[in-house]
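Numbering (full-length UniProt numbering), first residue to last: 1 to 385.
Just so you know, even glycine gets a beta-carbon here, dropped at the ideal spot from N, CA and C.
I have placed the structure first, in the form of structure tokens, so that the comments after it can refer back to it.
Here's what the structure looks like:
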């Protein structure tokens, strides 16, 4: 694997986090589950990938999300946002707002449609990202900055829209190996000064979930994959707090039977560093993103068992088309090539099966929403869950 060389400063940053991880492993008796390793690598205060100061989003970062591609994503998404706010309450909480581009684009579009929310809160744990989000919003829609606030924890009660774009994939996951003799949890130790894998028998809730998955999906011996207990717990926490409203979850993943497909026997764990994707989570901790695809069946199970209703599940392509992507593109005359061609190119990436259109899914879970949501009008795949 050949990846871009980090700076001396970046190497020092990674070394500090590596030392923190080693101390955590020592405190755990020489072993920690991968979920704990991933949690610290991404979120350790002032040292983790998302809590440190590394530039993550856009061309200068490690990956590009849909809002970074073009305003057309938020402009199209606004149609669904408008409907949910009208059916619940004019409040938005965006979880993990990244660079702030989605918030800025969405606020501008909602203003143009005459349906600005009364408040737009951003739930963000990283102080560095909060500062960057504020700068982006202040630069692009300065007159709307007063409507935006930042949260460090989930509210006790909320009515309106909870928006999470590429949030679930960055929640810590357990690694599980299904063997002939039972179920093992893959964790991390230190050997000869390097991080290394060690398996231990799975226990508790993880073992129960893993055994249920093996029975449901007929997993063969030696099968390795992820189990995300954190994502389901997060959705259940929102269920306890949400009044009338909806969670709109946008991420890459599969229904369970596709996620745990026999041909996907090495799991979905993926790392992103300077626009290079690879599968080595021990590489330069703190300098790279670590993600896993989403088991959307587990998400809907957790949500519905906690009191939410499944309002729709679709591919990103179908969702955006149902929300009026073509009409958004038509605002710019195709004869104006300088403006139109970049928009058309971005739209193609958002909906093309070879790009983000099929891999990315959109799921809505809610309470008290009395009408069918327009984003799932023609392509709802809820039956596949």
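Residue(s) in a DSSP beta bridge with residue i
i           : result
residue 276 : 273
residue 174 : 227
residue 164 : 95, 249
residue 189 : 196
residue 309 : 366
residue 149 : 121
residue 115 : Beta-bridge pairing links residue 115 to no other residue.
residue 33  : 187
residue 242 : 158
residue 360 : 252
residue 315 : 361
residue 291 : 270
residue 348 : Answer is none; residue 348 lacks a bridge partner.
residue 182 : 179
residue 201 : 184
Local Cβ density within 10 Å of residue i, reported as buried at 16 or more and exposed below that
i           : result
residue 226 : buried
residue 191 : exposed
residue 139 : exposed
residue 30  : exposed
residue 354 : exposed
residue 11  : exposed
residue 263 : exposed
residue 126 : buried
residue 380 : buried
residue 13  : buried
residue 318 : buried
residue 383 : exposed
residue 275 : exposed
residue 57  : At residue 57, the pLDDT of 44 sits below 50, so the modelled position is not reliable; the number obtained from the coordinates is stated separately. Label assigned to residue 57: buried.
residue 194 : exposed
residue 33  : buried
residue 307 : exposed
residue 278 : exposed
residue 291 : buried
residue 320 : buried
Pair within 8 Å by beta-carbon distance, residue i and residue j
i           : j           : result
residue 69  : residue 95  : no
residue 289 : residue 376 : no
residue 271 : residue 367 : no
residue 364 : residue 246 : yes
residue 168 : residue 251 : yes
residue 205 : residue 184 : no
residue 98  : residue 142 : no
residue 84  : residue 121 : no
beta-carbon residue i near the ligand FMN non-hydrogen atom, thresh 7 Å
i           : result
residue 209 : Summarising the ligand content, the structure contains no ligands, and the ligand FMN is consequently not present.
C-alpha gap between residue i and residue j, whole angstroms
i           : j           : result
residue 154 : residue 333 : 43 Å
residue 316 : residue 74  : 13 Å
residue 48  : residue 17  : 7 Å
residue 115 : residue 43  : 35 Å
residue 60  : residue 273 : With a pLDDT of 47 at residue 60, under the threshold of 50, the predicted position of this residue should be treated as unreliable, though the coordinate-derived value follows. Those two C-alpha atoms are separated by around 11 Å.
residue 374 : residue 24  : 47 Å
residue 196 : residue 160 : 45 Å
residue 347 : residue 325 : 8 Å
residue 2   : residue 280 : 12 Å
residue 62  : residue 106 : Here the model assigns residue 62 a pLDDT of 45, short of 50, so the residue's position is not dependable, and the following value carries that caveat. Approximately 23 Å, taken between the alpha carbons.
residue 119 : residue 219 : 46 Å
residue 259 : residue 358 : 14 Å
residue 349 : residue 134 : 27 Å
residue 128 : residue 221 : 44 Å
residue 80  : residue 198 : 46 Å
residue 147 : residue 257 : 42 Å
residue 309 : residue 369 : 9 Å
residue 152 : residue 9   : 28 Å
residue 158 : residue 88  : 10 Å
Q: Could you tell me whether the region 178-196 touches the region 101-118, using the rule of 3 or more Cβ pairs below 8 Å?
A: no
Open item on the list: When you compare the region 337-348 with the region 291-303, are there three or more beta-carbon pairs, one atom per stretch, that lie closer than 8 Å?
Closed with: no
| said: Under 8 Å, with one C-beta from each stretch per pair, do the region 215-224 and the region 154-173 reach the 3-pair mark? | reply: no
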